[in-house]
Each structure stands twice: as C-alpha cells, then as structure tokens.
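Residue numbers (our numbering), protein chains in the order written: chain A, 97 to 537; chain B, 22 to 271.
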Amino acid sequence: MNLALAKTETGRALSDAFAVARDRLPGAGKVADARQGAFEAYERVGLPHRRIEDWKYTDLRVLMREVLPSAAAPDAAALKRAGAALKLHAIEGVRRLVLVDGAFAPKLSETGNPEKGLGIRTLREALEGGDIALHAQLFAPENADSMVALNSAMMTDGLVIDVADGAVLTQPLHIVHIASGAAPSAMFTRSLLKVGRAASATLVESYIAADGAKAYQAHDSLIVSIGDGARLDHVRLVEDGREAFNISSSVVTLGANAHFNTFGMTSGSNVSRYQAVIAFAGEGSRVETNGVNLLNGRQHADTTLFLDHAVPNCASREIFRSVVDDRGHSVFQGRIIVRPDAQKTDAKMMTRALLLSDEAEADNKPELEIFADDVTCGHGATTGALDESLLFYLRARGLSEKEAQALLIQAFVGEAIESIANDALRELAISAAQRWLAARG
Amino acid sequence: MPLLEVKDLQVRVEEREILHGLSLTVNKGEVHAIMGPNGSGKSTLSHVIAGKPGYEVIGGEILFNGEDLLEMSPDERAAKGVFLAFQYPVEIPGVATMTFLRTALNAQRKARGESEFSTPDFLKKVRAVAASLNIPQDMLRRGVNVGFSGGEKKRNEILQMALFEPSLCILDEMDSGLDIDAMRIAADGVNALRSPDRAMVVITHYQRLLNYIVPDFVHVMSNGRVVKSGDKELALELEASGYAQFEDAA
Chain A
97 MNLALAKTET GRALSDAFAV ARDRLPGAGK VADARQGAFE AYERVGLPHR RIEDWKYTDL
157 RVLMREVLPS AAAPDAAALK RAGAALKLHA IEGVRRLVLV DGAFAPKLSE TGNPEKGLGI
217 RTLREALEGG DIALHAQLFA PENADSMVAL NSAMMTDGLV IDVADGAVLT QPLHIVHIAS
277 GAAPSAMFTR SLLKVGRAAS ATLVESYIAA DGAKAYQAHD SLIVSIGDGA RLDHVRLVED
337 GREAFNISSS VVTLGANAHF NTFGMTSGSN VSRYQAVIAF AGEGSRVETN GVNLLNGRQH
397 ADTTLFLDHA VPNCASREIF RSVVDDRGHS VFQGRIIVRP DAQKTDAKMM TRALLLSDEA
457 EADNKPELEI FADDVTCGHG ATTGALDESL LFYLRARGLS EKEAQALLIQ AFVGEAIESI
517 ANDALRELAI SAAQRWLAAR G
Chain B
22 MPLLEVKDLQ VRVEEREILH GLSLTVNKGE VHAIMGPNGS GKSTLSHVIA GKPGYEVIGG
82 EILFNGEDLL EMSPDERAAK GVFLAFQYPV EIPGVATMTF LRTALNAQRK ARGESEFSTP
142 DFLKKVRAVA ASLNIPQDML RRGVNVGFSG GEKKRNEILQ MALFEPSLCI LDEMDSGLDI
202 DAMRIAADGV NALRSPDRAM VVITHYQRLL NYIVPDFVHV MSNGRVVKSG DKELALELEA
262 SGYAQFEDAA
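The structure is reproduced here in structure tokens:
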C-alpha cells in the first residue's frame with residue numbers, strides 16, 4: 097500500500113467529490129460512519145493497479161485513470177431514453193426492476209402484486225430506514241478490495257430482495273442497469289438478495305445503455321445468501337456501451353445442501369471487471385459457474401472468481417470461454433481454496449480461449465490452494481485459434497468466411513450458454529452473442 | 022461447353038510440385054473415375070477444385086461452366102455447384118447437423134439470389150433423403166459427424182450432396198474405411214443422384230467401388246498427370262495388372 101501513490105491528482109478529486117456528496121448520500125448515523133470508514137479504506141489504496149496481485153491484468157490506473165463524478169438523478173428525458181433501451185433485454189414473464197443512472201426507476205419497474213414470499217425494497221429505503229441488522233448485511237463485504245470499499249462508500253440505490261423460507265418463485269427477477277447517456281458520470285449501486293431456506297429463485301442482471309451513451313462508469317455490487325436447501329439461478333449479461341466501464345463485485349454465501357448456478361457473459365463495455373467471492377458455509381452444496389467473454393476492438397474484460405470451499409462435501413464446476421478478436425484482452429482468474437476441514441471437496445475448473453487475431457490476448461490464471469487431503473480438484477486451460485480444417489469444410493459447403501467463423505464461435509461458447517436452465521434467459525444470452533457476431537460484419 | 026475443364030494444371034504444396042500439368046474434361050451427365058496409386062496426386066486435384074488453402078497453382082487453369090474457378094472462394098464454388106465429398110469428413114462438436122445443413126443450404130441459396138428454404142419444406146426434404154440413406158433422425162440432432170462411424174460420416178456427405186443438388190460431385194476415396202455393406206449403401210445413394218444435368222468425378226484407389234458406381238470414363242493418374250484414359254474396362258485391366266506399369270511412364 098502506498099499512500100503517496102493513492103493521492104494522485106484524480107485521487108484528490110475523488111476525495112473532494114466524496115466530501116461534497118457525503119451529506120446527500122442516503123443514510124445517516126451508523127450508515128454515514130460506515131461510508132466514511134469505507135472511503136478511508138479506499139483512499140489508502142486508491143485505484144487498484146498491477147502490483148496488486150488480484151488486479152495484475154487490469155490496472156485501473158492505466159485503464160480508468162479517474163472516477164467520474166456521480167450521476168444526477170434521471171430526469172424525464174433520461175427515463176424516456178432508458179425506457180426505449182429496455183427493448184434490447186426485454187424478456188417475457190419476468191419481474192423487471194430498473195435502475196437508471198444508478199437510481200431505481202419505479203415507472204419502468206414492476207413492483208406490484210409480488211408473489212407470495214417475495215419482498216422488494218430499494219437500497220435507498222433500506223439505508224434510510226432503521227433496520228440496523230440490515231445495515232450490517234449491506235456493509236458486510238470487506239473493504240480490503242478498494243473498489244468494493246469505494247462502492248460501499250458511494251452506493252446510492254439498488255434492490256433489497258427477500259425470498260422467504262420455502263417460497264418457490266416462478267417469475268425470474270430481472271434487475272436492469274441502464275445508462276441513459278446524459279453526461280459522463282459514475283453510478284454506484286448495490287443489491288442484496290436473500291434466498292430463504294428451501295426457497296428457489298432466478299435472478300437476471302442486465303447492463304445496457306441507451307442509444308448514443310458515451311463514457312460512463314457502472315460500479316455495482318451484489319450480496320447474496322442462499323439458505324439451506326435453497327436454489328438460485330443467476331444470469332448476468334454485460335452489454336454496456338462501448339465506451340463504458342463496468343466494475344462489479346459479488347459476494348455469495350451458500351448454506352447446506354444449497355445450489356447456485358450462475359452464468360455471466362460480457363460482450364459490451366470498454367473495460368469491465370467482474371469479481372465474485374463464492375463461499376460454502378454448509379455441507380452438501382453445489383456451485384456451477386459458467387462464463388463467456390466476447391471481445392473485439394480494444395475491449396478489456398476481466399472475470400476473477402474465488403471459490404471458497406470452507407466445509408466438507410461440496411462441489412464446484414467452473415467453465416469459462418473467451419473469444420477475442422482485434423486487440424481485445426480477456427482475463428480469467430480462477431482461485432479455488434480448499435480449507436483444511438473441507439474433505440471430499442470436488443472442484444473442477446476449465447477455461448478455453450479462442451483468439452481470432454494475432455493481436456488478441458487472453459490471460460488465464462488458475463490458482464488452486466488445497467489444504468485438505470481427501471479431495472478431487474482439477475483445472476485445465478487451453479488457448480488456440482479456429483481450426484482451419486473445420487473452417488474449410490464449412491466454406492466448401494457454402495458458408496462465407498465470417499459465417500463459418502460465426503458458426504464455430506457459437507459452438508465454442510455454446511457449452512457455457514447451454515448451462516442456463518431457463519429457456520427465455522438462454523435465448524436472451526444467445527441473442528446477445530449473435531449481436532456481437534453480427535457487429536463483426 | 023464442358024462443365025469442368027482442367028487444363029495443364031501445375032500445383033505446388035510447400036515447395037514440392039505435386040501436379041505436373043494435369044488435364045481433364047468433364048461434361049454434364051458423365052461419371053469419371055480417377056484411379057491411381059497413393060501419392061499420385063488424386064486428392065490434391067480434388068482439394069484444388071474445391072479451393073482448399075495451402076495449394077499453390079503455378080500453371081494451367083480450371084474452368085467451370087467456362088468461368089475461372091481458381092478466382093473463386095470455396096463458398097462461391099459451392100454456390101456455383103461444386104461439391105467435394107471429403108475423404109475424411111471433419112467432426113464439428115457443438116454444431117447440430119440439422120443447423121449445419123440449414124445454414125449451408127441457405128447460404129448457397131442466398132449467394133445465388135434464391136429465397137431461403139422454409140423450415141417445414143427443409144425438414145421434409147432432409148427427412149426423406151435421410152431415410153433413403155438409412156440415416157436415423159437422432160443423428161441429425163447430434164453435432165456434425167460427432168461420434169459417427171466411418172460409414173455414417175460418408176452417408177452424411179451423400180446426404181449433403183442430395184440436399185445441395187450440385188452440378189459437379191467429386192467423391193474423394195468414398196470407399197476408404199468402409200466395409201462392403203456400408204459401401205453398397207453409399208454407392209446406392211450416389212447412383213440415385215446420377216442425372217443428365219450432373220457430373221461426377223469418383224476418386225478411388227481400388228476398382229471394387231466401380232462395380233457399384235459404374236463410370237463412363239476411367240483415368241489413371243501417376244506422378245501428377247493423367248497417364249491413360251479409357252472406359253470402364255480400363256479399371257478391370259488395372260485390377261488385374263496393378264499400377265506398376267505406369268510408375269515409369271510418368
């Protein structure tokens with residue numbers, strides 16, 4: 097840690113911004129104190145850089161340089177642009193919850209007639225309310241990572257969702273983050289999802305932008321707890337504007353005999369980082385994480401996962417596929433820790449990268465730390481180009497070069513996308529992948 | 022005008038000349054067999070006609086319906102009616118056979134300025150052809166050639182040939198790796214596609230395939246040239262005498 101480095105010109109500008117914003121951020125008393133503590137934690141490190149091992153490949157001091165001023169509350173014009181942008185990720189049969197420029201937009205959302213056992217509040221309400229136990233949960237993520245700390249200090253809105261014990265939600269919950277494209281700005285959001293014992297839910301997160309949106313920064317975080325015997329299906333699609341930054345963190349805790357199936361795909365944004373900590377707190381649980389990066393131009397996307405096997409008899413499967421064209425840069429860091437008591441752990445991780453140009457780059461960093469002796473753990477990583485013999489076969493059957501590549505790319509990412517259980521959500525992910533392929537020309 | 026005219030074709034692969042001035046003329050409705058020992062350049066000829074990268078044409082030309090075939094990309098050639106049945110059809114995991122067939126057929130139709138096939142018409146057509154070739158429906162749902170036996174892979178090639186309705190079919194060592202029953206099914210599929218509007222070039226090392234697909238003309242290749250041409254009787258002579266007599270002639 098280097099205080100002098102943290103106090104760069106942009107660091108000071110942000111300190112001033114926090115000093116100005118502090119009194120307007122939702123929550124007083126203990127909440128304000130927690131924000132202050134988080135901001136100090138952020139200031140001690142500043143923007144993460146390559147000498148911090150977890151951020152080795154994503155040096156925000158080079159890529160991001162500064163944190164933009166906080167977004168203003170969306171006006172009528174911004175809401176109108178956001179409403180039009182919603183079509184891109186419209187899905188039938190979901191409960192839509194929309195955040196425009198980081199603020200909950202009730203008129204674009206569906207909060208009425210909740211299913212039995214479903215409770216929804218906004219983060220703003222939760223922070224301004226007097227539920228001290230809830231405040232503690234909202235500030236639970238550790239401030240050791242400076243971007244998490246910054247998010248804790250600056251968060252303005254988001255969703256606080258409670259699925260009661262035994263409730264089986266039939267309707268997926270869809271949180272849509274939209275940048276309205278007003279002025280270059282930063283949005284700080286945080287959501288909390290509690291899935292009760294033996295409950296079941298599906299959460300979809302979309303990150304999109306209105307037409308013409310230029311530079312903006314989405315800083316998001318998600319806190320999830322999955323109760324004993326519960327199941328959560330999670331789909332995350334980053335299709336932000338091509339000048340956007342998206343820095344998102346998740347903290348997921350599973351009870352006993354719980355099941356977490358998560359899929360993430362990044363095809364948008366200029367620079368993005370998704371970091372997730374998934375911790376097993378009860379035995380007999382299972383996690384499947386599947387991810388896809390589709391990058392071209394000068395896009396940079398970093399997925400950093402930390403699977404914490406702290407208890408025995410849990411299983412985890414990680415599959416990651418990246419497709420990189422032009423001068424794109426894909427990063428996958430997968431860390432698995434098997435703690436001394438976590439016997440009978442079964443953990444596997446497989447990452448594959450497909451490079452479509454000579455200047456494309458993919459970094460895969462698997463890390464296994466195993467402290468128990470009766471476990472099954474494995475990882476594999478491959479990087480390569482499209483198979484010339486397959487391309488020729490397809491072209492000999494009439495497909496153009498781009499069509500042949502598109503078919504093979506779809507097949508390459510297909511295994512990960514197939515992991516999405518819900519048909520409509522799988523279709524949404526496929527259509528996002530097809531948009532990326534179509535944009536290649 | 023001949024359908025295919027190969028004139029004095031010279032081809033090099035990685036600095037080594039494989040074809041040394043090969044000529045061949047094929048008209049509509051004809052079936053030509055090209056025979057020859059291993060390494061005589063039979064497969065090179067089929068690859069160059071289909072447009073496989075890695076072959077350098079250093080002399081001669083190939084005309085297809087009078088057009089310069091060597092100027093066209095492999096997909097343009099396919100849309101114009103050139104079809105190569107591969108000796109070793111590739112496996113494409115993750116691409117369902119049905120998806121592949123529809124994508125390919127519609128790409129060819131689009132390139133020719135024709136409308137895309139409607140889904141029901143397409144399915145009906147595929148099912149009918151598949152049934153005639155003993156290709157079970159579940160094979161069409163699997164990845165292209167993934168887990169297919171040698172015979173199934175070859176039948177999948179003939180299925181495509183029947184669907185795409187090319188005017189020139191090149192069958193590269195269709196009999197390799199097939200037992201007699203599998204070969205008979207494949208040959209029946211090919212014979213069903215013989216037509217006055219279509220020509221076939223059957224490349225084979227052994228005469229036995231020609232008992233099932235009876236050619237109008239037989240050419241013997243050796244050291245990168247056609248060294249002898251004749252009718253189907255020539256294949257029987259070769260069966261008796263072998264290729265050794267031609268090794269020095271070239």
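All C-beta atoms in this analysis are idealised placements derived from N, C-alpha and C, irrespective of residue type, glycine included. The structure presented is a predicted model; accordingly, all values stated were derived computationally and were not measured.
**Distance between residue 161 of chain B and residue 116 of chain B (C-alpha atoms, nearest Å)** = One-based indexing of the second sequence puts residue 116 of chain B at position 95. One-based indexing of the second sequence puts residue 161 of chain B at position 140. Taking the straight line from one Cα to the other gives about 10 Å.
**Prompt:** For residue 9 of chain B, which residues from the same chain have a beta carbon less than 6 Å from its beta carbon, with the 5 sequence-adjacent residues on both sides left out?
**Reply:** Because chain B in this structure spans residues 22 to 271, residue 9 of chain B falls outside the shown range and cannot be described.
**Item:** The beta strand (DSSP E) enclosing residue 302 of chain A, as first and last residue numbers
**Value:** Position 206 of the first sequence, counted from the first residue, corresponds to residue 302 of chain A. 296 to 305 is the span of the beta strand (DSSP E), which, as asked, contains residue 302 of chain A.
**Request:** Please confirm if residue 488 of chain A has its CB atom under 9 Å from at least one CB of chain B.
**Result:** Sequence index remark: in the first sequence, residue 488 of chain A carries index 392 (1-based). It does: the Cβ of residue 488 of chain A has a partner Cβ on chain B nearer than 9 Å.
**Item:** Short Cβ contact (9 Å threshold) for residue 180 of chain B with residue 122 of chain B
**Value:** Residue 180 of chain B sits at position 159 when you count from the first residue of the second sequence. Residue 122 of chain B sits at position 101 when you count from the first residue of the second sequence. Taking 9 Å as the cut-off, the Cβ atoms of residue 180 of chain B and residue 122 of chain B count as close.
**Message:** Do residue 62 of chain B and residue 45 of chain B count as a contact pair if the criterion is CB distance below 9 Å?
**Reply:** If you number the second sequence from 1, residue 45 of chain B lands on position 24. If you number the second sequence from 1, residue 62 of chain B lands on position 41. Taking 9 Å as the cut-off, the beta carbon of residue 45 of chain B is found no closer than this to the beta carbon of residue 62 of chain B.
**Short Cβ contact (9 Å threshold) for residue 425 of chain A with residue 395 of chain A** = Residue 425 of chain A sits at position 329 when you count from the first residue of the first sequence. Residue 395 of chain A sits at position 299 when you count from the first residue of the first sequence. Yes, the pair counts as a contact, with Cβ atoms nearer than the cut-off.
**Asked** residue 74 of chain B versus chain A: which residues are under 8 Å apart at the beta carbon?
**Response** The residue you call residue 74 of chain B lines up with position 53 of the second sequence. In chain order: 484 and 488.
**Prompt:** Bridge partners of residue 123 of chain B, per DSSP?
**Reply:** Counting from 1 along the second sequence, the entry for residue 123 of chain B is found at position 102. Beta-bridge analysis with DSSP links residue 123 of chain B to no other residue.
**Message:** Measuring only the C-alpha atoms, how far is residue 118 of chain A from residue 112 of chain A?
**Reply:** One-based indexing of the first sequence puts residue 118 of chain A at position 22. One-based indexing of the first sequence puts residue 112 of chain A at position 16. Taking the straight line from one Cα to the other gives about 10 Å.
**Prompt:** Which residues mark the beginning and the end of the beta strand (DSSP E) in which residue 510 of chain A is found?
**Reply:** Walking along the first sequence from the start, residue 510 of chain A turns up at place 414. Element bounds for residue 510 of chain A: not the beta strand (DSSP E) but the alpha helix (DSSP H), 497 to 513.
**Request:** For residue 221 of chain B, count neighbouring Cβ atoms within 10 angstroms of its own Cβ and tell me buried if that reaches 16, exposed if not.
**Result:** Here residue 221 of chain B refers to the residue found at position 200 of the second sequence. Buried, by the Cβ-count rule.
**Below-9 Å beta-carbon distance, residue 497 of chain A vs any chain B residue** = Numbered from its first residue, the first sequence carries residue 497 of chain A at position 401. Yes, contact with chain B.
**Request:** Could you pull out every unbroken alpha helix (DSSP H) segment of at least 4 residues lying fully inside the region 89 to 150 of chain B, listed in chain order?
**Result:** 95 to 101 and 118 to 132
**Asked** The alpha helix (DSSP H) spanning residue 166 of chain A covers which residue range?
**Response** Taking the first sequence and counting its residues from 1, one reaches residue 166 of chain A at position 70. Where residue 166 of chain A is concerned, there is no enclosing alpha helix (DSSP H), given that its DSSP letter is neither H nor E.
**Request:** Give the DSSP-derived three-state secondary structure of residue 272 of chain A in the structure shown.
**Result:** Looking up residue 272 of chain A in the first sequence gives position 176. The answer is strand: DSSP assigns residue 272 of chain A an E or B state.
**Asked** Is DSSP giving residue 343 of chain A helix, strand or coil here?
**Response** Your numbering for residue 343 of chain A matches position 247 in the first sequence. Strand, per DSSP.
**Request:** Round the Cβ separation of residue 294 of chain A and residue 312 of chain A to the nearest angstrom and send it over; I've been treating them as touching at under 8 Å.
**Result:** The count along the first sequence starts at 1 and reaches residue 294 of chain A at position 198. The count along the first sequence starts at 1 and reaches residue 312 of chain A at position 216. About 40 Å separates the two Cβ atoms, so there is no contact after all.
**Asked** chain A beta carbons: is any one of them nearer than 9 Å to that of residue 163 of chain B?
**Response** For the purposes of this step, residue 163 of chain B is taken as residue 142 along the second sequence, with counting starting at 1. No, its Cβ sits nowhere closer than 9 Å to a Cβ of chain A.
**Request:** Mind listing, in chain order, the continuous alpha helix (DSSP H) runs of no fewer than 4 residues lying wholly within the region 134 to 221 of chain A?
**Result:** 156 to 159 and 172 to 181
**Asked** Using the beta-carbon count (16 or more within 10 Å), is residue 148 of chain B buried or exposed?
**Response** Within the second sequence, numbered from 1, the residue matching residue 148 of chain B stands at position 127. Under this definition residue 148 of chain B is an exposed residue.
**Asked** Hey, does residue 508 of chain A have any beta-carbon neighbour from chain B nearer than 9 Å?
**Response** Here the question's residue 508 of chain A lines up with position 412 in the first sequence. Answer yes: the Cβ-Cβ gap between residue 508 of chain A and chain B drops below 9 Å somewhere.
**Item:** Proximity to residue 242 of chain A [Cα-Cα], best of A:146, A:274, A:138 and A:127
**Value:** The residue labelled residue 242 of chain A in the question sits at position 146 within the first sequence. Nearest of A:146, A:274, A:138 and A:127 to residue 242 of chain A, Cα basis: A:138.
**Request:** Let me know if residue 458 of chain A comes out buried or exposed under the rule of 16 or more other beta-carbons within 10 Å of its beta-carbon.
**Result:** As a working note, residue 458 of chain A is residue 362 in the first sequence. Buried: at least 16 other Cβ atoms inside 10 Å.
**Message:** Could you check whether the Cβ of residue 480 of chain A sits closer than 9 Å to any Cβ belonging to chain B?
**Reply:** Here residue 480 of chain A refers to the residue found at position 384 of the first sequence. No, no contact with chain B.
**Asked** Can you give the Cα-Cα distance for residue 529 of chain A and residue 167 of chain A, rounded to whole angstroms?
**Response** Along the first sequence, one-based indexing puts residue 529 of chain A at 433. Along the first sequence, one-based indexing puts residue 167 of chain A at 71. Distance between the alpha carbons of residue 529 of chain A and residue 167 of chain A is about 29 Å.
**Request:** Taking only beta-carbon positions, decide if residue 107 of chain B is within less than 9 Å of chain A.
**Result:** What you label residue 107 of chain B is simply residue 86 of the second sequence in a count that begins at 1. So, interface residue.
**Prompt:** Going along chain B, which residues have a C-beta under 7 Å from residue 494 of chain A?
**Reply:** Within the first sequence, numbered from 1, the residue matching residue 494 of chain A stands at position 398. Residues of chain B passing the Cβ test: 96, 99, 100, 125, 128, 129 and 132.
**Request:** Tell me whether the beta-carbon of residue 464 of chain A lies closer than 9 Å to the beta-carbon of residue 432 of chain A.
**Result:** If you number the first sequence from 1, residue 464 of chain A lands on position 368. If you number the first sequence from 1, residue 432 of chain A lands on position 336. Yes; because the gap between Cβ atoms is below 9 Å, this pair is in contact.
**Asked** Are the C-beta atoms of residue 500 of chain A and some chain B residue less than 9 Å apart?
**Response** For this step, residue 500 of chain A is matched to residue 404 along the first sequence. Answer yes: the Cβ-Cβ gap between residue 500 of chain A and chain B drops below 9 Å somewhere.
**Message:** Assuming the contact rule is C-beta atoms closer than 8 Å, residue 111 of chain B and residue 486 of chain A should be a hit. Round their C-beta distance to whole Å, please.
**Reply:** For the purposes of this step, residue 111 of chain B is taken as the residue at position 90 of the second sequence. For the purposes of this step, residue 486 of chain A is taken as the residue at position 390 of the first sequence. Residue 111 of chain B to residue 486 of chain A, Cβ: 5 Å. Contact.
**Counted within 10 angstroms of its Cβ, other Cβ atoms place residue 25 of chain B as buried (16 or more) or exposed** = Within the second sequence, residue 25 of chain B is the residue found at index 4, counting from 1. Result: buried.
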